[in-house]
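Comments concern the structure below.
There are 2 protein chains.
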Amino acid sequence: MGLTFEAGAPSASGGRVGVLHLPHGAVETPVFMPVGTAATVKAVPQDTLEHIGRAGAQIILANTYHLYLRPGHELIRRMGGLHRFMGWDRPMLTDSGGFQVFSLAKLRNVTPDGVEFRSHLDGSKHFFSPEHSIAVQIALGADILMTFDECVETPATWERTRDSMGLTHAWAARSKAYWLAHRHEVPWEQGSEKQGSGIGEQGSEDPHTPIAMALSDPCSLIPAPCLFGIVQGGMYPDLRRESAERLVEMDFDGYAIGGLAVGEPREVTREMIGLTLELLPKDKPRYVMGVGYPDEIEEYARIGVDMMDCVLPTRAARHGLLFRAAEPGEDGPAVRMNIKRLEYAEDQRPIDPSCGCMVCQRYTRAYLRHLFVAREPLAATLNSIHNLEYYLATLDRVRGSLAECS
Amino acid sequence: MGLTFEAGAPSASGGRVGVLHLPHGAVETPVFMPVGTAATVKAVPQDTLEHIGRAGAQIILANTYHLYLRPGHELIRRMGGLHRFMGWDRPMLTDSGGFQVFSLAKLRNVTPDGVEFRSHLDGSKHFFSPEHSIAVQIALGADILMTFDECVETPATWERTRDSMGLTHAWAARSKAYWLAHRHEVPWEQGSEKQGSGIGEQGSEDPHTPIAMALSDPCSLIPAPCLFGIVQGGMYPDLRRESAERLVEMDFDGYAIGGLAVGEPREVTREMIGLTLELLPKDKPRYVMGVGYPDEIEEYARIGVDMMDCVLPTRAARHGLLFRAAEPGEDGPAVRMNIKRLEYAEDQRPIDPSCGCMVCQRYTRAYLRHLFVAREPLAATLNSIHNLEYYLATLDRVRGSLAECS
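Following this line, the structure appears as structure tokens:
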């Protein structure tokens, strides 16, 4: 087994703390996973990622679609898998590539067998089936893999959503069958054979459980990645219910709630999450994909979502949008600052006086505005570090208060 | 006085170790100064700069021309000067802006009074005189300021070089007169008044001498920046001699050798440096501006150059050019690697197995190639860190061997 999950007792609103034991270490939940699309959380060095929030990023996500196209999953397999390739020895999750195939690639042709598409990089033709997605993910070697699903356009009719969901269920079953047969083909041992090179040995002082320890852990006697299913069903409660029931019957290590935060009103997102959570097993991790703003992250964690990921903190950072805690007299729990505004040109305060990150300890808004306006590469780095701190510190705080409840 | 310099006895080839005491701390020489054009060493966070080489970057350079145009020297003055503005409490040097006016700006019009030019950013019209250059540099508040000089085109005739040199000497005298009258107008105290903001206090644990200590240092009873003169004279030994003599008569805190590495053969550069060094006082720091490749840096340090700066390590890094030590069987002391080459696609070695930098400790050539090919912002950061390590470690080594000689 690739995973064990210890979930605490839920709070009145359903939130709970937990610990997810994965082949590359333990993850305290609820957790936010920074997105490292191309085997890098954009503009942030790995050692910096390890020092954001109270304990650093515990787990990061990489995108199968991007890595499949460049540098190629077979190359990453030969390099010992993603962990060794990028010098990151904490847990990782890969998505299935489905969402990017549907949002980035060109000339898609969906058949019951899979999706034919053209690369957004060079127009070359490719085909992803559930089996191929899992094969690529096994080559990448993350700790958590995701089933290949169809992502329906928004808005979609009930009939269209039902048909797409049916395809997603069939693909989930095929994803699981392929994973069962091939999950031990991860390249982790190839990686450890190459440890004599002097690269990648820095993990020995890491407090998280490395592979070698996982091997002696009874919960991971046969180290292998685990597989999460993805509940679809659009904005239709009856379809969400049917999808959750079908996925739970198939028995996955964890369950994602997909197809949300795609343009629907936020009350609908919340409703769909709330009703789906009720239908998922309490002893398995529950993951909402691709959300959201800091207050959403907090809200969903407090009702029982264990895992979330989003490009927002890093993408917003690269566009000069920074998150900070509201001060007395300001609306809302989080304030969004557009650092390029003239009002910050001579502002000697840190982004957030209550923030403990290395950016707020050292740099002023005036300096960050200058870097952004001058298009200096350091702007993306410092802005991203701060925004990730805001997200990770938010979840540190939520975990603390949920732990008091349980 | 803004500077004291303790120079050790020279080696057989003229090289010497020394310690430069500046208002913001001590600098061991010979030293390489990373270039932080727009108040940032491109793509490298300040805390990382403090951990490159044995003791981090001891002193960095910023460009007066760029900062004058954006964000403006008056803004930086109001922010307490460059040190506070960018969160860097170690020594800094600013150039005069002259070189950039002659290489970047448009529609230059040189008169005995100064240079009229148009901004390369927006075409707006500006005028730099020696007095204005020093006024801008005082507002920026570096530890070492440079006299305003004319940079002659290359190649230039003897007559043209002589006339330009004459202008440079007149401007050096005017630069010094303005500096004498205004050097105490640096904004350092404005900075320290604002220390209650919580930003910029990280310097208290820094091993380098901060301002507060400099105030109690008898060598800097009246803390002020120091001023270096710039020897010109092109590629003509007689003009170089005349320029050095004239500058030394004017008495500066240190002397730069300018107008080199502008396209002339390397033997000529070396000859000009060698003959000019002979003419400069042994008890003052000697600075060669804008050089060079790692082996040049080492060579000049070994014949008695105390200070150097160059954009090469960081600019080359952003273009994927990395420096590493030669291995047995390879030519030369330093090897230049073009990381985008296919041969590195699956190379699991670090850039330089003998390098102690954080990049070589953690990342493979294969990963760095992937980042560069995928145009990931982390490529510029990691490549720059490694190249700066190569330069700073080279000078750590040269200082070590010169110290043994003296």
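Chains as they are written, first to last, in my numbering: chain A, 1 to 406; chain B, 407 to 812. Backbone N, C-alpha and C define an ideal beta-carbon position, used for all residues, glycine too. Source: prediction; values computed, not measured.
A contact is defined here as three or more CB-CB pairs under 8 Å, and the segment 306-315 of chain A fails this definition with respect to the segment 330-350 of chain A.
Under the Cβ criterion of 7 Å, Met492(B) is counted among the residues facing chain A. Contact fails between the segment 74-82 of chain A and the segment 97-114 of chain A, because fewer than three Cβ pairs, one in each stretch, are under 8 Å apart. The straight-line gap separating the alpha-carbon atoms of Gln232(A) and Thr29(A) is approximately 23 Å. Contact between His66(A) and Thr37(A) holds: their C-beta atoms lie close to 5 Å from each other, under 8 Å. The alpha helix (DSSP H) runs lying completely inside the segment 558-596 of chain B and spanning 4 residues or more are 564-588, given in chain order.
Between the alpha carbons of Tyr661(B) and Val542(B) lies a gap of roughly 20 Å. Listed in chain order, the non-local C-beta contacts of Val186(A) below 7 Å within the same chain comprise Gly81, Ile138, Gly141, Ala224 and Pro225, local neighbours out to five positions each way being set aside. The continuous alpha helix (DSSP H) containing Phe505(B) extends over residues Gly504 to Ser509.
Membership of Ile144(A) in the beta strand (DSSP E) is indicated by the continuous run Ile144 to Met146.
By the Cβ neighbour-count rule, Ala722(B) is buried, with 16 or more other Cβ atoms within 10 Å of its own. Cys310(A) sits in a strand when the DSSP states are folded into three classes. Beyond the five residues adjoining it in sequence on each side, Leu475(B) comes within less than 6 Å, by CB distance, of Ser525 and Leu527 in the same chain, given in chain order. At a C-beta separation below 7 Å, Gln46(A) has these neighbours in chain B: Arg768.
Residue contact with chain B for Thr40(A): present (Cβ-Cβ distance below 7 Å to some residue of chain B).
In this structure the segment 756-763 of chain B lies against the segment 775-794 of chain B, because at least three pairs of beta carbons, one per stretch, are closer than 8 Å.
For Pro631(B), the nearest beta carbon of chain A is not closer than 7 Å to its own beta carbon. Using a Cβ distance threshold of 7 Å, Gly635(B) and Thr553(B) count as a contacting pair. By alpha-carbon distance to Arg742(B), the top candidate from Asp753(B), Asp644(B), Asp701(B) and Ala587(B) is Asp701(B). Just so you know, the alpha carbons of Glu346(A) and Thr470(B) end up roughly 19 Å apart.
The C-beta of Thr563(B) has fewer than 16 other C-beta atoms within 10 Å across all chains shown, which makes the residue exposed. Around the Cβ of Val19(A), a 10 Å sphere holds fewer than 16 other Cβ atoms; the residue is exposed.
In this structure Met33(A) touches Ile60(A) by the C-beta definition: roughly 6 Å separates them, less than 8 Å. Here Thr94(A) is near Ala62(A), since their CB atoms are less than 7 Å apart.
Listed along chain B, the residues sitting closer than 7 Å to Tyr367(A) by beta-carbon distance are Phe491, Met492 and Gly493.
For Leu275(A), no chain B residue has a Cβ inside 8 Å of its Cβ, as the nearest lies near 39 Å away.
Just so you know, the alpha carbons of Phe729(B) and Ala740(B) end up roughly 6 Å apart.
If one requires a minimum length of 3 residues, the beta strand (DSSP E) runs lying completely within the segment 240-272 of chain A are 254-257, in chain order. DSSP places Ala393(A) within a helical segment (H, G or I) once states are collapsed to three.
Annotation: the segment 268-344 of chain A contains the following complete segments of the alpha helix (DSSP H) (minimum length 4 residues), in chain order: 294-302 and 312-318. Closest in C-alpha terms to Gly710(B), from the list Lys688(B), Ala772(B) and Tyr773(B), comes Lys688(B). With a threshold of 7 Å between beta carbons, Leu378(A) makes contact with chain B. In terms of Cα proximity to Val441(B), the closest of Arg803(B), Val804(B), Tyr797(B) and Asp802(B) is Tyr797(B). Neighbourhood of Met79(A) in chain B, by CB distance below 7 Å: Glu752, Gln754 and Ala772, in chain order. A straight-line Cα-Cα distance of about 16 Å links Glu264(A) and Ser103(A). Around His370(A), the beta-carbon contacts reaching into chain B at under 8 Å are Ala444, Ala445, Arg476, Pro477 and Phe491.
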